[in-house]
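Per full-length UniProt numbering, the sequence shown starts with residue 1, numbered consecutively. Every residue gets a Cβ at the ideal spot worked out from N, C-alpha and C, and that includes glycine. Being a predicted model, the structure only gives us computed values, none of them experimental.
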Amino acid sequence: MSELGEIRAVLAGAAEQMVEAYQHAGVARARIADAVAVLSDLGEQHSEPLVPVELRRAAEELERGLGLISTGAAAVSDINARL
Numbered sequence: 001m002s003e004l005g006e007i008r009a010v011l012a013g014a015a016e017q018m019v020e021a022y023q024h025a026g027v028a029r030a031r032i033a034d035a036v037a038v039l040s041d042l043g044e045q046h047s048e049p050l051v052p053v054e055l056r057r058a059a060e061e062l063e064r065g066l067g068l069i070s071t072g073a074a075a076v077s078d079i080n081a082r083l
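What follows is the structure, encoded as structure tokens:
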């Protein structure tokens, strides 16, 4: 395999891993949203909010991570297109 072919193979592998990472993060996003919804509903019957601040921060960081994965995937795609 030529050096260019090797680079393309590595880029294809990186792109595949980014797709998988985005999918896993999407599952995590859905599960966090479910947890927030359940805790919010239960909190209506409680004197104090039940959703921990850390859970909301985790959701925010996850959104940031999803953005970074998307940016990385776009960069890999751009590099591959230039080859």
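Practice item. Round the Cβ separation of V53 and A15 to the nearest angstrom and send it over; I've been treating them as touching at under 8 Å. Key: In the sequence shown, the residue the question calls residue 53 occupies position 53. In the sequence shown, the residue the question calls residue 15 occupies position 15. Going by Cβ atoms, the distance from V53 to A15 rounds to 35 Å, so no, they are not a contact pair.
With a cut-off of 8 Å, do at least 3 Cβ pairs link the segment 59 to 77 to the segment 29 to 46? yes
Would you mind working out which of V38, A74, M1, V36 sits nearest M18, comparing C-alpha positions? Here residue 18 corresponds to residue number 18 of the sequence shown, with the count starting at 1. Of the candidates V38, A74, M1, V36, the one whose C-alpha sits nearest the C-alpha of M18 is A74.
Notebook entry, point to check: Excluding five sequence neighbours on each side, which residues of the same chain lie with their C-beta closer than 7 Å to the C-beta of S47?
Noted result: Here residue 47 refers to the residue found at position 47 when the sequence shown is read from its first residue. Within the same chain, S47 has no close Cβ partners at all.
- request: If I'm right that V51 touches L66 with Cβ under 8 Å, what's the distance once you round it to whole angstroms?
  value: Taking the sequence shown and counting its residues from 1, one reaches residue 51 at position 51. Taking the sequence shown and counting its residues from 1, one reaches residue 66 at position 66. Not really, about 20 Å apart at Cβ, beyond 8 Å.
Measure the CB-CB distance between R8 and L55 and report whether it falls below 8 Å.
Taking the sequence shown and counting its residues from 1, one reaches residue 8 at position 8. Taking the sequence shown and counting its residues from 1, one reaches residue 55 at position 55. Not in contact: R8 and L55 (Cβ atoms no closer than 8 Å).
Exercise for the section: Please go through the same chain and pick out, in chain order, the residues whose beta-carbon is closer than 7 Å to the beta-carbon of P49, but skip the five residues on each side of it. Expected result: Walking along the sequence shown from the start, residue 49 turns up at place 49. Within the same chain, P49 has close Cβ partners G43.
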